[in-house]
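Structure first, commentary second.
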Amino acid sequence: MKKAMIYFKYFLSLSIISSLNAQSFKGSASYDIKLAEDVFYFEGTLDFTSQESSFTFKKYEKSRWTRENEQEFKSQTIFTDSLGFAVYHEINKNDLTIRAFCKEANPIIYKDSVNFNWKLLNSEESIIQGVACKKAFVNFRGREYVAWYASSIPLNIGPWKFFGLPGLILQVTDKKGDVSILIKSLNFEKINSKIKKELVGMSMSKKEFNDCLDKEWIKYYNKNNAAIVRIQAEFPDLEITNNNLSKERSSTEIDYKN
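Letter by letter, the sequence shown follows residues -17 to 240 in our numbering.
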């Protein structure tokens, strides 16, 4: 993944950035994001004002999106649509509204209450995409994350479900290397505007959604194994495996009950 220096649509001095909370503005940040269940990176967009934010990713015009890399023998099929996956957040609240998919052509909306107990490591600094950042650490639903945030951009928002730091979150990685999120660009406009919420889908609880994902994964796992048995019976001289496919689905939120 190429790293490009961060680009600002308008030149923003520190004094302008520091006064953002007192002004009417709308911003947009572009990220590359790969969650634990993903094989590839996807483009994500964080739209925000001083009152709310919306992170969208995995948008596609069709209900089934198959990405492949034949050279590396990689493939991933995503159920989505033109609105994609979304995380909507009202600033200074812990409640999120999530739009995601369990089955094809079946968008789901669920509420998620999130509480990040960030540990700030102010002694550690780094330059992320040309911006000076400070380091923070958090345990969140079974994973240990490191985040880099820009205190010079005093917005307590970030990509995906992450928020709550004293500055815009530019990068997030987990200790295992399964999750990777990195900002690519950031734009500000001095306008009075609201975030366009396109949270269309069937409502259910977070537990119901994760139960649905578990059931669909077991169906896929069993179907895959049945296909292997069938092909092996037809071609007994071939050695066919499931490439160590786990019966447990890969998930960014290992402990999704909390």
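Note that CB positions come from ideal geometry on N, CA and C, so glycine has one too.
Nearest neighbour of residue i, chosen from the options [CA to CA]
| i | options | result |
| --- | --- | --- |
| SER134 | ASP219, LEU152, GLU216 and MET184 | LEU152 |
| GLY140 | ASN74, LYS158 and ILE213 | ASN74 |
| GLU180 | ASP29, GLU19 and LEU17 | ASP29 |
| PHE37 | GLY9, ALA18, ASP237 and ASP20 | GLY9 |
| LYS93 | ASN138, SER185 and THR27 | SER185 |
| LYS85 | TYR238, ASN51, ASN192 and LEU17 | ASN192 |
| GLN111 | ILE163, ALA18, ILE236 and GLU19 | ILE163 |
| ALA101 | PHE122, VAL211 and LEU17 | Before going on, a small fix: residue 101 reads as Lys here, not Ala. If we check each option's Cα against that of LYS101, PHE122 comes out closest. |
| PHE67 | GLY124, TYR203 and PHE39 | PHE39 |
| PRO148 | LYS116, ALA215, ASN97 and ALA209 | LYS116 |
| TRP199 | GLU171, ILE90, LYS229 and ILE91 | LYS229 |
| VAL90 | LYS201, LEU195 and ASN204 | Correcting the residue type first, residue 90 is Ile in the shown sequence and not Val. Among LYS201, LEU195 and ASN204, the Cα nearest to that of ILE90 is on LEU195. |
| TYR203 | ALA215, VAL128, ASN225 and GLU216 | ASN225 |
| VAL69 | THR27, THR48 and LYS201 | THR27 |
Residue i and residue j closer than 8 Å at C-beta
| i | j | result |
| --- | --- | --- |
| VAL161 | THR234 | yes |
| PHE83 | THR59 | no |
| GLU25 | GLU72 | no |
| VAL154 | ALA132 | no |
| LEU220 | ASN206 | no |
| LYS157 | GLU106 | no |
| THR31 | SER232 | no |
| ILE165 | TYR13 | yes |
| GLY183 | ARG81 | yes |
| VAL120 | ASN88 | no |
| TYR238 | LYS188 | yes |
| ILE210 | GLY124 | no |
| GLU171 | PHE22 | no |
Presumed contact (8 Å Cβ cut-off) between residue i and residue j, rounded CB distance
| i | j | result |
| --- | --- | --- |
| ILE15 | TRP142 | 7 Å |
| SER167 | ALA11 | 7 Å |
| LEU137 | ALA118 | Between ALA118 and LEU137 the Cβ distance is about 15 Å, and since that is not below 8 Å, they are no contact. |
| LEU65 | LYS41 | 7 Å |
| GLU50 | LYS44 | In fact, because the Cβ distance is near 15 Å, the residues do not count as touching under 8 Å. |
Runs of beta strand (DSSP E) wholly within the region 7 to 56 (minimum 3 residues, chain order) = 8 to 16, 24 to 30, 34 to 39 and 46 to 51
Which runs of the alpha helix (DSSP H) spanning at least 4 residues fall entirely within the region 180 to 240, listed in chain order?
-> 188 to 216
For the region 104 to 129, list the beta strand (DSSP E) runs that are entirely contained and at least 3 residues long, ordered along the chain.
-> The region 104 to 129 contains these whole beta strand (DSSP E) runs: 113 to 122.
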